[in-house]
Amino acid sequence: MQSWTGHPVPRLPGTGRPLALYDSARRGIHPTQPRGTATMYVCGITPYDATHLGHAATMITFDLINRLWRDAGHEVAYVQNVTDIDDPLLERAARDGEDWVVLGMRETALFREDMESLRVIPPTHYVGAVESIPLIAQKVTELLEDGAAYRLTDGTGDVYFDLAAAPNFGYESHLPRAEMLALFAERGGDPDRVGKRDPLDPLLWRGAREGEPSWDGGPLGPGRPGWHIECAVIALSRLGDTIDVQGGGSDLLFPHHECSAAHAERLTGRAPFARHYVHAGMIGLDGEKMSKSRGNLVFVSRLRGDGVDPMAVRLALMADHYRADRQWTDELLKSGQQRLARWREAAAPAGPSGMELLGRVRERLADDLDTPGALATIDAWVDAALAGSGDDTDAPALFASTVDALLGVRL
Ligand code: 5CA
Ligand code: ZN
40 MQSWTGHPVP RLPGTGRPLA LYDSARRGIH PTQPRGTATM YVCGITPYDA THLGHAATMI
100 TFDLINRLWR DAGHEVAYVQ NVTDIDDPLL ERAARDGEDW VVLGMRETAL FREDMESLRV
160 IPPTHYVGAV ESIPLIAQKV TELLEDGAAY RLTDGTGDVY FDLAAAPNFG YESHLPRAEM
220 LALFAERGGD PDRVGKRDPL DPLLWRGARE GEPSWDGGPL GPGRPGWHIE CAVIALSRLG
280 DTIDVQGGGS DLLFPHHECS AAHAERLTGR APFARHYVHA GMIGLDGEKM SKSRGNLVFV
340 SRLRGDGVDP MAVRLALMAD HYRADRQWTD ELLKSGQQRL ARWREAAAPA GPSGMELLGR
400 VRERLADDLD TPGALATIDA WVDAALAGSG DDTDAPALFA STVDALLGVR L
């Protein structure tokens with residue numbers, strides 16, 4: 040699938056310390072240690088509605104990781120998927136009397152535009168579920184042959200992963216089983232499906248149903264892939280057996296990422312699948328998580344349509360820490376706009392040391408992407424520059440390239 044167009048990223052002098060990130064599995068902050076090329080897989084959209092600020096916040100979080108690694112001199116192999124076939128897409132298309140393929144294409148195109156406007160660096164590989172079906176079917180077949188999967192005997196052709204084949208299941212989310220069962224039911228799972236060996240066994244292949252699209256699955260028969268195996272296979276096929284970061288919003292920690300990791304580890308025989316499991320907090324509106332099913336959405340495209348500068352949106356979404364669940368408010372946007380305006384004013388003839396500013400911003404971001412700390416450091420520099428203190432005439436240019444390269448904010 041085609042990605043979006045990126046913008047050149049300025050190179051900055053020197054380097055900082057390695058980026059440390061919170062890992063959900065180890066429940067602590069640890070340095071990332073990419074070996075040469077850094078590898079990252081991020082769960083992308085299910086394109087049945089427009090990009091909202093929750094999606095944007097999560098994409099910006101992983102964009103910061105991408106930027107910090109590049110700043111440290113790593114090549115970055117970044118893969119993001121598009122779940123361009125899944126129940127929610129079919130349900131929305133049916134509700135609106137629309138072709139599900141066209142709906143997916145339209146919303147994916149809008150997402151690309153939104154990402155470009157927010158200056159999110161495009162993934163190296165942007166991969167759809169549909170284009171990956173032959174490979175996914177092959178991997179599900181491997182799991183069946185290996186005894187890690189089983190087919191239901193009710194004639195549906197549905198294939199499930201056998202969690203007995205994943206003895207470490209739960210190491211990523213650390214949830215008690217009762218909570219796993221509740222989240223599994225809430226987030227697309229089917230704990231009550233008759234014939235499953237364990238209520239938590241996740242679907243790998245859904246046999247063809249009347250009125251639903253299906254694809255040739257070879258020995259699996261016609262059908263379509265389950266959700267967790269989609270991400271496992273796409274990541275493995277483009278990034279290798281072990282990746283540096285597996286990412287997405289915290290709503291994906293369980294069951295999605297736990298199951299994807301279990302699938303990947305069984306397929307490769309190597310664990311852990313990811314060295315860091317990184318989860319961004321949820322953006323909410325009026326006290327509730329912003330989600331398509333709740334309908335409480337603020338769209339990036341709507342803000343753009345209203346003439347809001349995407350750089351102000353970016354600053355607003357970085358004002359608080361990425362792991363915190365937080366609310367989108369008009370005040371947050373206003374403060375992003377004010378900050379952007381003030382930073383733009385600070386293209387003064389001179390200011391306090393630009394290298395010191397760069398060092399402090401790098402230091403804050405290397406500490407689990409402390410954007411509130413980084414923004415405060417920059418605010419202090421801007422205040423000083425605007426007050427006429429400091430005589431570093433190179434500083435304004437370095438300030439501008441620092442916020443461009445590390446924060447993705449073009450002044
Ligand atoms: N296609 C799947 C992932 S494979 C999916 O979850 N799609 S999504 O469209 O629902 O979400 C896309 C990305 O945005 C995911 O990483 C998800 O965790 C994140 N996300 C969704 N809602 C929010 C929210 N309210 N706040 C922050 N991130 C969110
Ligand atoms: Zn995913």
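So the working numbering is basically just the index in the sequence shown, starting at one, shifted up by 39. Where a beta carbon is used, it is the ideal one built from N, C-alpha and C, also for glycine.
Excluding five sequence positions before and after Asp433, the CB atoms of its chain that fall closer than 7 Å to its own CB belong to Gly393, given in chain order. Pairing Glu384 with Glu297 gives a Cβ-Cβ distance that is not under 7 Å. In the three-state reduction of the DSSP assignment, Pro294 falls in the helix class. Per DSSP, Thr100 lies in no beta strand (DSSP E) segment; the continuous alpha helix (DSSP H) that holds it begins and ends at 92–110. When the Cα atoms are used, Asn120 and Thr85 turn out to be separated by approximately 9 Å.
Shown here for Leu408: same chain residues with a beta carbon closer than 6 Å to its own, the five before and five after excluded, namely Leu103, Tyr361 in chain order. A direct Cα-Cα distance of roughly 28 Å separates Lys178 from Ala221. Annotation for Gly186: Asp201, Ala204 place their beta carbon closer than 8 Å to its own, counting only its chain and skipping 5 residues before and after. Relative to the non-hydrogen atoms of the ligand 5CA, the Cβ of Cys82 comes within a distance shorter than 6 Å of at least one. Taken through DSSP and simplified to helix, strand or coil, Trp367 comes out as coil.
Contact check for Asp62 against His315 passes: the beta carbons are separated by less than 7 Å. The Cβ atoms of Ala387 and Pro49 do not sit closer than 7 Å to each other. Cβ contact annotation for Pro230 (same chain, cutoff 8 Å, sequence separation greater than five): Leu220, Phe223, Ala224, Pro238, Leu239, in chain order. In the DSSP annotation of this structure, Gln72 is not part of any beta strand (DSSP E), being labelled neither H nor E. One thing to note: Gly375 has its Cβ no nearer than 7 Å to the Cβ of Ala413.
Here DSSP, grouped into helix, strand and coil, assigns Glu114 to coil.
If the five residues before and after Pro52 are omitted, its C-beta is found closer than 6 Å to no C-beta atom of its own chain. Per DSSP, Phe200 is one residue of the beta strand (DSSP E) stretching across 198–200. Asp418 and Gly228 have their alpha carbons spaced roughly 46 Å apart.
Boundaries of the alpha helix (DSSP H) around Val339: 339–344. Judged by the Cβ position, Cys298 fails to qualify as a neighbour of the ligand ZN at the 6 Å threshold, every heavy atom of the ligand being at least this far.
Just measuring C-alpha positions, the residue of Gly45, Thr76, Leu107 sitting nearest Glu402 is Leu107.
The continuous beta strand (DSSP E) containing Val166 extends over residues 164–167. Taking the CA atoms as reference points, Thr195 sits about 42 Å from Val159. Secondary structure at His318: strand, using DSSP grouped into helix, strand and coil. With fewer than 16 other CB atoms across the displayed protein chains lying within 10 angstroms of its CB, Glu327 is exposed. Taking a contact to require three or more Cβ pairs closer than 8 Å, the region 252–269 and the region 165–176 qualify as touching. Taking a cut-off of 8 Å on C-beta distances, the region 65–85 does not touch the region 418–430, as fewer than three cross pairs fall below it.
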